[in-house]
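Under the working numbering, residues 142 to 572 are what the sequence shown spells out, in order. Where a beta carbon is used, it is the ideal one built from N, C-alpha and C, also for glycine.
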Amino acid sequence: MNFDTSIIVLSSFEAPAGSLLRKAMRAPKKTDPNDPARIEAHRLIVHEVTHYLDLTTTLWGLEFLVRRDLALAGLARGSHDALKVAMLNFSELEMHWELTKVHQKTALTDLEPVCHVHYSQRHGAMVTVVLYKHGERVAETPLSMLSLLEANALACEVDAEIRWYTIKHGSLPEHHEARIAAGLAGVLRSPMRLEYNVLHIIVLRYFPGLDLAARVKLIMAVTSFTLNLSTAELSRMANGLSYHLDGEAWEAICMDMRRGMSRHIVAFKVIEMLHRYATAIDLSYEAFSAAIKQKHEELIRASLNFTGALPGGMNTYRGLSDIEAKVLLRVLRGHKGCYEPVGHSQAITRNRRLRARDLSTAAGLRRFRLLDLVLGDDSVIRMPTRLRADVHKLNDSVLDQGGAEFLRQIGNPEIPQKFHMPPGTQWVNLG
142 MNFDTSIIVL SSFEAPAGSL LRKAMRAPKK TDPNDPARIE AHRLIVHEVT HYLDLTTTLW
202 GLEFLVRRDL ALAGLARGSH DALKVAMLNF SELEMHWELT KVHQKTALTD LEPVCHVHYS
262 QRHGAMVTVV LYKHGERVAE TPLSMLSLLE ANALACEVDA EIRWYTIKHG SLPEHHEARI
322 AAGLAGVLRS PMRLEYNVLH IIVLRYFPGL DLAARVKLIM AVTSFTLNLS TAELSRMANG
382 LSYHLDGEAW EAICMDMRRG MSRHIVAFKV IEMLHRYATA IDLSYEAFSA AIKQKHEELI
442 RASLNFTGAL PGGMNTYRGL SDIEAKVLLR VLRGHKGCYE PVGHSQAITR NRRLRARDLS
502 TAAGLRRFRL LDLVLGDDSV IRMPTRLRAD VHKLNDSVLD QGGAEFLRQI GNPEIPQKFH
562 MPPGTQWVNL G
């Protein structure tokens, strides 16, 4: 999924695979034969659609789109001012590729993850996860926004395959559950796939006794909660977390949270608070699994209330999130036809409402209103409930109206530096 255009490109498929991809978007029938290629295509589509939905239906994503579109409009006029703000979001994604180091190409098993908090001139305050095996450093990677988004997309992939076999057989057969779990374990063992597995490794460390479905649901629930926190709730949470965090870098993280940044670090702290809460009240794995599958928001709310990470509770969580989303959508409507296709804001509203009911991407795949998929040979696959927009014209419009310059500027180390708030910066409240 291209974050600069919001267009999904499946580069590994070309036009002859159209029939397979269309089948992959349909739920299986009990009489359908097992087709590994169809299931793999289904997982890939779910993965990329999850990225698109995270970008277009969450508060983090809508803010990302507003900042991106304002930067593109500024570049089209020859101004770089808005680009500096947009690059704050892009730097939270790009840091993964710049800062990940693999010291030993060995299987990531018997790990002891250690988290270090520090401050970077380029990326601001950050958490680096160092993976030790038998006392030796194997790899280190930042806990980036890319880590969070890829962990969620992988979780939705696994959820999609679980759902596929549950629909086909009425329940998930044990041998399929074991095979799906083995496939996920293979991803978690790979030191070359840290963008996908680091958050899953952290969840496995804190909750080793959770079943497969509960583990992926936990990732999905934490991601949804974190990406949809309003700026007001993030500010309140920064105040609550300040009692649990030490050091100057944490001070900078809390400052970033008050501006809507560092949500990936919030996700890590929510997982930690869930573990602390479950341990304190002696919640069994069976009870935790049931709660995260059925009442995930209530479980997260209870853990944050218990630990004091979100003072005063979360009673306004969904309401404030929806209000802020409406404000951001109003801004995006001004960019329709150039950076946003006509009808995109209505599609976003519909998709956001569907996602609030069910975290599963696969469950709503045929109901979400989506842009068409672009294949590796530039051919197009229409989605079941499509947003009527020419994706090639949209791509050309973005490139012509500042997009080409935008792509050139991504990676410029000088752009985001002044917008981070170094440790010791005084936070000023106006009014």
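C-beta contact flag for residue i and residue j at 8 Å
{"i": "HIS257", "j": "ARG278", "result": "no"}
{"i": "ILE441", "j": "LEU415", "result": "yes"}
{"i": "ARG527", "j": "LEU511", "result": "yes"}
{"i": "HIS192", "j": "ALA294", "result": "yes"}
{"i": "ASP300", "j": "LYS274", "result": "no"}
{"i": "LEU351", "j": "PHE429", "result": "yes"}
{"i": "GLN535", "j": "MET524", "result": "Per the sequence shown, residue 535 should be read as Leu rather than Gln. For LEU535 and MET524, no; Cβs fall outside 8 Å."}
{"i": "LEU185", "j": "LEU196", "result": "no"}
{"i": "ALA217", "j": "GLN542", "result": "yes"}
{"i": "LEU249", "j": "PRO177", "result": "no"}
{"i": "PHE509", "j": "VAL190", "result": "yes"}
{"i": "ARG496", "j": "THR198", "result": "yes"}
{"i": "SER403", "j": "ALA223", "result": "no"}
{"i": "VAL339", "j": "THR282", "result": "yes"}
{"i": "PRO254", "j": "ILE343", "result": "yes"}
{"i": "ARG330", "j": "SER501", "result": "no"}
Sequence-distant residues of the same chain with beta carbon closer than 8 Å to residue i, five excluded per side
{"i": "THR566", "result": "Residue placement at THR566 cannot be trusted, given a pLDDT of 45 that sits under 50; what the coordinates show is reported in the next sentence. Once the five neighbours on either side are set aside, the close Cβ partners of THR566 are ALA393 and MET396."}
{"i": "MET378", "result": "LEU370, MET398, VAL407, LEU445, ALA450 and LEU451"}
{"i": "LEU473", "result": "LEU203, LEU206, VAL207, ASP210, GLU481, HIS485, SER486 and ILE489"}
{"i": "ALA156", "result": "LEU516, ASP518 and SER520"}
{"i": "HIS341", "result": "ALA292, LEU295, ALA296, LEU325, VAL328, LEU329, ARG356 and ILE360"}
Closest by C-alpha distance to residue i, when choosing among the options
{"i": "GLU233", "options": "TYR347, GLY401 and ASN175", "result": "GLY401"}
{"i": "ASP145", "options": "GLU155, VAL190, LEU213 and ASP176", "result": "LEU213"}
{"i": "ALA503", "options": "PHE154, SER153, ALA390 and ALA165", "result": "ALA165"}
{"i": "VAL483", "options": "ALA390, VAL532 and GLU302", "result": "VAL532"}
{"i": "ILE433", "options": "GLY381, THR364 and THR490", "result": "THR364"}
{"i": "TYR418", "options": "PHE447, LEU375, ARG346 and ASP499", "result": "PHE447"}
{"i": "LEU194", "options": "VAL268, TYR337, PRO177 and ARG491", "result": "ARG491"}
{"i": "GLU298", "options": "GLU374, PHE547 and GLU181", "result": "GLU181"}
{"i": "GLU302", "options": "GLY324, ILE522 and THR282", "result": "GLY324"}
{"i": "SER538", "options": "LYS467, LYS477 and SER501", "result": "LYS477"}
{"i": "LEU548", "options": "GLU155, MET228 and VAL187", "result": "MET228"}
{"i": "TRP238", "options": "GLY327, LEU335 and LEU368", "result": "LEU335"}
{"i": "LEU368", "options": "ALA322, TYR337 and ASP463", "result": "ASP463"}
{"i": "TYR337", "options": "ARG163, LEU289 and ARG471", "result": "LEU289"}
Length of the line joining the Cα atoms of residue i and residue j
{"i": "HIS310", "j": "LYS171", "result": "6 Å"}
{"i": "ALA545", "j": "HIS317", "result": "46 Å"}
{"i": "ASN570", "j": "LYS410", "result": "In this prediction, ASN570 scores a pLDDT of 37, lower than 50, which makes its location untrustworthy; the coordinate-derived value is nonetheless stated afterwards. Distance between the alpha carbons of ASN570 and LYS410: 25 Å."}
{"i": "ARG167", "j": "HIS259", "result": "46 Å"}
{"i": "PRO169", "j": "ILE308", "result": "7 Å"}
{"i": "LEU240", "j": "VAL270", "result": "11 Å"}
{"i": "ILE348", "j": "CYS479", "result": "Checking the sequence, you will find Phe at residue 348 rather than Ile. Whole-angstrom Cα-Cα distance: 46 Å."}
{"i": "LEU161", "j": "LEU461", "result": "42 Å"}
{"i": "HIS264", "j": "PRO174", "result": "49 Å"}
{"i": "LYS358", "j": "ALA296", "result": "7 Å"}
{"i": "LEU284", "j": "ALA292", "result": "11 Å"}
{"i": "ARG459", "j": "ALA158", "result": "40 Å"}
{"i": "GLN550", "j": "SER153", "result": "27 Å"}
{"i": "GLU439", "j": "GLY219", "result": "48 Å"}
{"i": "ASP519", "j": "ALA354", "result": "36 Å"}
{"i": "ARG320", "j": "HIS183", "result": "17 Å"}
{"i": "ALA530", "j": "MET142", "result": "17 Å"}
{"i": "TRP391", "j": "LEU382", "result": "9 Å"}
{"i": "ARG179", "j": "ILE522", "result": "15 Å"}
{"i": "SER261", "j": "ASN230", "result": "15 Å"}
{"i": "GLU413", "j": "MET236", "result": "23 Å"}
{"i": "LEU272", "j": "ARG471", "result": "44 Å"}
{"i": "GLU427", "j": "THR420", "result": "13 Å"}
{"i": "GLU374", "j": "LYS467", "result": "16 Å"}
{"i": "ASN380", "j": "ALA443", "result": "17 Å"}
{"i": "ALA322", "j": "GLY475", "result": "45 Å"}
Cβ neighbours of residue i in the same chain (closer than 7 Å, five flanking residues each side left out)
{"i": "GLU204", "result": "GLY401 and LEU469"}
{"i": "TYR306", "result": "LEU313, PRO314 and HIS317"}
{"i": "LYS242", "result": "ALA280 and GLU281"}
{"i": "ARG346", "result": "PRO254"}
Own chain, CB closer than 6 Å to residue i, minus 5 neighbours either side, in chain order
{"i": "PHE366", "result": "ILE441"}
{"i": "MET286", "result": "GLU233, LEU234 and HIS405"}
{"i": "VAL150", "result": "VAL515"}
{"i": "GLU465", "result": "LEU200 and SER371"}
{"i": "HIS437", "result": "ALA362"}
{"i": "SER376", "result": "ARG399"}
Any chain B beta carbon closer than 8 Å to residue i
{"i": "PHE231", "result": "Protein chain content of the structure displayed is limited to a single chain, and chain B is not contained in it."}
Residue i CB to nearest heavy atom of the ligand FMN below 7 Å
{"i": "PHE154", "result": "Ligands are entirely absent from the displayed structure, and the ligand FMN is therefore not among its contents."}
(message) Quick check on the DSSP output: what are the complete beta strand (DSSP E) runs of length 3 or more inside the segment 255-327, in order along the chain?
(response) Scanning the segment 255-327 for uninterrupted beta strand (DSSP E) segments of 3 residues or longer gives 265-274 and 277-283, listed from N- to C-terminal end.
Going residue by residue through the segment 440-482, where are the continuous alpha helix (DSSP H) segments of at least 4 residues, counting only ones entirely within it? 458-474, all fully within the segment 440-482.
Ordered list of alpha helix (DSSP H) runs contained in the segment 158-233, each at least 4 residues: As summarised for the segment 158-233, the continuous alpha helix (DSSP H) elements at least 4 residues long and confined to that stretch are 159-165, 177-198 and 200-217, given in chain order.
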